[in-house]
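Asker: Encoded as structure tokens, here's the structure I'll be asking about.
Protein chains: 2
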Amino acid sequence: MQRSSGTPLYKKVFEELKSKIDSGLYKMGDLLPSENELCKMYFTTRPTVRQALNDLSNLGYIVRQHGKGSIVSEPKNGLGILSLKGSTAGVGKHNLKTAIITKPIKQPWSEAFEFELTPEEKEAGAIYLSRLRYVDGLPTLFEETYISNIDLPRFTLHNLEKNSLFDTLKNYHDVEVKEGEQKIWAIEASKELADMFNIKPKKPVLHMKRRLKTNKKNLFIYSFLYCNTQDFFIQDYF
Amino acid sequence: MQRSSGTPLYKKVFEELKSKIDSGLYKMGDLLPSENELCKMYFTTRPTVRQALNDLSNLGYIVRQHGKGSIVSEPKNGLGILSLKGSTAGVGKHNLKTAIITKPIKQPWSEAFEFELTPEEKEAGAIYLSRLRYVDGLPTLFEETYISNIDLPRFTLHNLEKNSLFDTLKNYHDVEVKEGEQKIWAIEASKELADMFNIKPKKPVLHMKRRLKTNKKNLFIYSFLYCNTQDFFIQDYF
DNA sequence: TACATGAGCCTGTATATACAAGAAAAGGCT
DNA sequence: AGCCTTTTCTTGTATATACAGGCTCATGTA
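Chains as they are written, first to last, in the numbering used here: chain A, 1 to 238; chain B, 1001 to 1238.
What follows is the structure, encoded as structure tokens:
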């Protein structure tokens, strides 16, 4: 089944399996259809479905076991922020609410921005927003995000309270995150952070700085995160 | 070139390219030989070399660019503990010294061990060791490790000060880490930790709990890490 | 019943090939 | 010289196929 539309076939297989896992149709511990069965279902051959399964495996959705099959893996609970999927996807059963502290605004890059910028990025300026996320009603995650303002028309109008930032970028602007780097510290809460998280100043807080590459050249996403790990923790799978 | 020995050909290609990057023969920004060139070098075909290149790409060693080639990626500095490679490999230029606090000893699992154990693991008991790592002479990382004591003869005799734990497991016991999960908190330093790190009690410290799966069934590695992020930080790529 | 054996499923590794699409250099035109 | 087109090299996607090796279960034997 050659691909007819623009999206590759293996990606279609990947997306459909992923959504079936996300929606709970395939539950943890279940065996996915075997590679040969998937071949028949999608009228394609093993290397193609294997590419989809490899991607799922890399994201931790499945574990592949020689001689047995592809086993749907542990659901991602905790705050799976270290994964690529945008926080909302990683929170599992916990109730997650997002409050926009600063609506998306266009602004030039700060003189002392922590990451190196390409000339094109500097020229284009940044879109800045900040959000506070509540898990089970508790303020847990403060996030400042800078996005290179390249080819993102009317971006500042989006409603990011309901929708994940990553989903918005993907669905409306064809921007997909591909890879990234992150740095992690434990720091003392400043007065402002302590107020926001409703904790005492100087209490330990998790601090992360992330730089995410996308499929668009020169379009990067920078995010500075502060996480209150009194009641929750950050988790990831690799 | 069918594989002659036990190791798959794509893995050989992977290992050789990886070591050439690690040793600095291919430097950051360099272009690796093209897929077709690698095919000729190893007398094989593109799917095979692509498998090796994909693995390198997943580990962040290279970035593949459509129409251009495979570009050697940023060297991993910081304390790349979040990657799979064992701390020693991730520290880059920093001088890293390891002090064994507790030599490897066999012991039963604690009653209240934080992770779920398989019956086989419980039966086998654990090997415990703890180490304190110095970066540039500063005590930075305290690590408690539990390994399921399965098929690891004379393991307690190894000298782990010079060699990475992961290298030892791989070279002497054919144990390779395949995947894992980790949880991260910011906590206050206990008195013991503060003494070890030479900081004041209650200062923020990074705490991680990791569970690593290996290629051997029932053999897991559990490690509990405490990291002083006053002077350094944890970094990873994905 | 208990235990080995083998058949049949599964994924892992590998070859051979084809065309599409991005990127860059070579070449020709104005 | 400066610009555009073409060529060529690169990776991306896909088909078709083969055998190796792990896992499970049914079958047959002691």
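Here a beta-carbon is modelled for each residue, glycine too, at the ideal position from N, C-alpha and C.
If you're wondering where the values come from, they're calculated on a predicted model, not measured in any experiment.
1. If you scan the segment 153-199 of chain A from start to end, which runs of the alpha helix (DSSP H) of 4 or more residues do you find wholly inside it?
2. State the DSSP-derived secondary structure class of alanine 112 (chain A), mapped to helix, strand or coil.
3. Could you give the distance in angstroms between the alpha-carbon of cysteine 227 (chain A) and the alpha-carbon of leucine 1169 (chain B)?
4. Over the uninterrupted beta strand (DSSP E) stretch that includes threonine 1145 (chain B), give me the two end residues.
5. Identify which residue in B:Thr1140, B:Ser1164, B:Pro1119 has its Cα closest to the Cα of isoleucine 1150 (chain B).
6. What residues from the segment 165-185 of chain A come within 8 Å of chain B, judged by C-beta to C-beta, listed N to C?
7. Quick one: Cα of alanine 52 (chain A) to Cα of glutamine 1065 (chain B), how far?
8. Go through its chain and collect everything with a Cβ distance to leucine 1084 (chain B)'s Cβ below 7 Å, but skip five positions before and after it.
9. Tell me, please, which residues DSSP counts as bridged to proline 204 (chain A).
10. By the three-class DSSP mapping on this structure, what secondary structure does proline 1047 (chain B) have?
11. Which residue marks the beginning of the alpha helix (DSSP H) containing proline 1008 (chain B), and which one marks its end?
12. Quick one: does aspartate 231 (chain A) have its CB under 8 Å from some CB of chain B?
13. Tell me the rounded alpha-carbon separation between valine 56 (chain A) and isoleucine 1199 (chain B).
14. Verify the CB distance criterion: does proline 1204 (chain B) have a CB-CB separation below 8 Å to chain A?
15. Closest to glycine 1029 (chain B) by C-alpha separation, out of B:Gly1060, B:Asp1231, B:Thr1229, B:Asp1236, would be which residue?
16. Within the 8 Å Cβ cut-off, does aspartate 1195 (chain B) reach chain A?
17. Determine the contact status of phenylalanine 220 (chain A) and arginine 210 (chain A), defining contact as a CB-CB distance below 8 Å.
18. So does the segment 1146-1161 of chain B actually touch the segment 1125-1132 of chain B, counting three or more Cβ pairs closer than 8 Å?
19. Nearest-angstrom Cα distance between lysine 93 (chain A) and lysine 1012 (chain B)?
20. List, in chain order, every chain A residue whose beta-carbon is nearer than 8 Å to that of aspartate 1151 (chain B).
21. Going by alpha carbons, who is nearest to phenylalanine 1115 (chain B) out of B:Tyr1222, B:Phe1233, B:Asp1231, B:Thr1229?
22. Would you call the CB atoms of leucine 1129 (chain B) and lysine 1106 (chain B) closer than 8 Å?
23. Against asparagine 58 (chain A), what residues of chain B qualify as contacts under a CB-to-CB distance less than 7 Å, listed in chain order?
24. Name the one or two DSSP bridge partners that phenylalanine 220 (chain A) has.
25. Would you please state the rounded distance, in angstroms, between the beta carbons of threonine 1140 (chain B) and phenylalanine 1232 (chain B)? I believe it to be under 8 Å.
26. Between which two residues does the beta strand (DSSP E) harbouring tyrosine 1061 (chain B) extend?
27. Classify serine 110 (chain A) as buried or exposed, calling it buried when 16 or more other Cβ atoms lie within 10 Å of its own Cβ.
28. Looking at chain B, is there any beta carbon in it that lies within less than 8 Å of the beta carbon of glutamine 235 (chain A)?
29. Looking at the C-beta of isoleucine 1071 (chain B), does it have a partner C-beta in chain A at a distance below 8 Å?
30. Would you call leucine 1031 (chain B) buried or exposed, if buried means 16 or more other Cβ atoms sit within 10 Å of its Cβ?
Answerer: So, from the listed chains and residues:
1. 165-173, 191-197
2. If you number the first sequence from 1, residue 112 (chain A) lands on position 112. Reduced to three states, the DSSP call for alanine 112 (chain A) is coil.
3. For the purposes of this step, residue 227 (chain A) is taken as the residue at position 227 of the first sequence. For the purposes of this step, residue 1169 (chain B) is taken as the residue at position 169 of the second sequence. Cα to Cα, cysteine 227 (chain A) sits roughly 35 Å from leucine 1169 (chain B).
4. Numbered from its first residue, the second sequence carries residue 1145 (chain B) at position 145. Element bounds for threonine 1145 (chain B): 1138-1148.
5. Against the second sequence, residue 1150 (chain B) aligns to sequence position 150. Nearest of B:Thr1140, B:Ser1164, B:Pro1119 to isoleucine 1150 (chain B), Cα basis: B:Pro1119.
6. Glu179, Gly180, Glu181, Gln182, Lys183, Ile184, Trp185
7. Within the first sequence, numbered from 1, the residue matching residue 52 (chain A) stands at position 52. Within the second sequence, numbered from 1, the residue matching residue 1065 (chain B) stands at position 65. Cα-Cα distance, rounded: 20 Å.
8. Start at 1 with the first residue of the second sequence, and residue 1084 (chain B) comes out as number 84. Summary for leucine 1084 (chain B): the model assigns pLDDT 41, below 50, so the residue's position carries little reliability; its value from the coordinates is reported in the next sentence. Val1177.
9. For the purposes of this step, residue 204 (chain A) is identified with residue 204 of the first sequence, where counting begins at 1. The partner list for proline 204 (chain A) (beta bridge, DSSP) reads A:Glu188.
10. As a position in the second sequence, residue 1047 (chain B) is number 47, starting the count at 1. Proline 1047 (chain B) sits in a helix when the DSSP states are folded into three classes.
11. Counted from its first residue, the second sequence places residue 1008 (chain B) at position 8. Element bounds for proline 1008 (chain B): n/a, residue is neither H nor E.
12. Residue 231 (chain A) sits at position 231 when you count from the first residue of the first sequence. No, its Cβ sits nowhere closer than 8 Å to a Cβ of chain B.
13. Numbered from 1 along the first sequence, position 56 holds the residue referred to as residue 56 (chain A). Numbered from 1 along the second sequence, position 199 holds the residue referred to as residue 1199 (chain B). Here the sequence assigns leucine to residue 56 (chain A), which means valine is not the residue at that position. Approximately 43 Å, taken between the alpha carbons.
14. Start at 1 with the first residue of the second sequence, and residue 1204 (chain B) comes out as number 204. Closer than 8 Å to some Cβ of chain A, the Cβ of proline 1204 (chain B) qualifies, so yes.
15. Start at 1 with the first residue of the second sequence, and residue 1029 (chain B) comes out as number 29. It is B:Gly1060 whose Cα lies nearest to the Cα of glycine 1029 (chain B).
16. Sequence index remark: in the second sequence, residue 1195 (chain B) carries index 195 (1-based). For aspartate 1195 (chain B), not one C-beta of chain A is nearer than 8 Å to its own C-beta.
17. Within the first sequence, residue 220 (chain A) is the residue found at index 220, counting from 1. Within the first sequence, residue 210 (chain A) is the residue found at index 210, counting from 1. In this structure, arginine 210 (chain A) does not lie closer than 8 Å to phenylalanine 220 (chain A) by Cβ.
18. Contact between the segment 1146-1161 of chain B and the segment 1125-1132 of chain B is present: 3 or more CB-CB pairs across the two stretches fall below 8 Å.
19. Here residue 93 (chain A) refers to the residue found at position 93 when the first sequence is read from its first residue. Here residue 1012 (chain B) refers to the residue found at position 12 when the second sequence is read from its first residue. Here the model assigns lysine 93 (chain A) a pLDDT of 49, short of 50, so the residue's position is not dependable, and the following value carries that caveat. Cα to Cα, the separation comes out at about 43 Å.
20. Start at 1 with the first residue of the second sequence, and residue 1151 (chain B) comes out as number 151. Simply none; closest approach about 18 Å.
21. For the purposes of this step, residue 1115 (chain B) is identified with residue 115 of the second sequence, where counting begins at 1. Measuring from the Cα of phenylalanine 1115 (chain B), the nearest candidate turns out to be B:Tyr1222.
22. Position 129 of the second sequence, counted from the first residue, corresponds to residue 1129 (chain B). Position 106 of the second sequence, counted from the first residue, corresponds to residue 1106 (chain B). No, they are not a contact pair.
23. The sequence position of residue 58 (chain A) within the first sequence is 58, counting from 1. Chain-order list of chain B residues neighbouring asparagine 58 (chain A): Asn1058, by C-beta distance under 7 Å.
24. Locating residue 220 (chain A) in the first sequence gives position 220, counting from the first residue. DSSP lists A:Lys213 as the beta-bridge partner residues of phenylalanine 220 (chain A).
25. Here residue 1140 (chain B) is taken as the residue at index 140 of the second sequence, counted from 1. Here residue 1232 (chain B) is taken as the residue at index 232 of the second sequence, counted from 1. Correct: roughly 6 Å between the Cβ atoms.
26. Residue numbering aside, residue 1061 (chain B) sits at position 61 when the second sequence is read from its first letter. From DSSP, tyrosine 1061 (chain B) is part of no beta strand (DSSP E); its letter is neither H nor E.
27. Numbered from 1 along the first sequence, position 110 holds the residue referred to as residue 110 (chain A). Serine 110 (chain A) is exposed by the Cβ-count criterion.
28. For the purposes of this step, residue 235 (chain A) is taken as the residue at position 235 of the first sequence. Yes, glutamine 235 (chain A) lies at the interface with chain B (some Cβ there is under 8 Å from its Cβ).
29. Here residue 1071 (chain B) refers to the residue found at position 71 when the second sequence is read from its first residue. Chain A, which has no Cβ nearer than 8 Å to the Cβ of isoleucine 1071 (chain B), makes this no.
30. As a working mapping, residue 1031 (chain B) is identified with position 31 in the second sequence. Burial state of leucine 1031 (chain B) is exposed, judged by a 10 Å Cβ sphere holding fewer than 16 other Cβ atoms.
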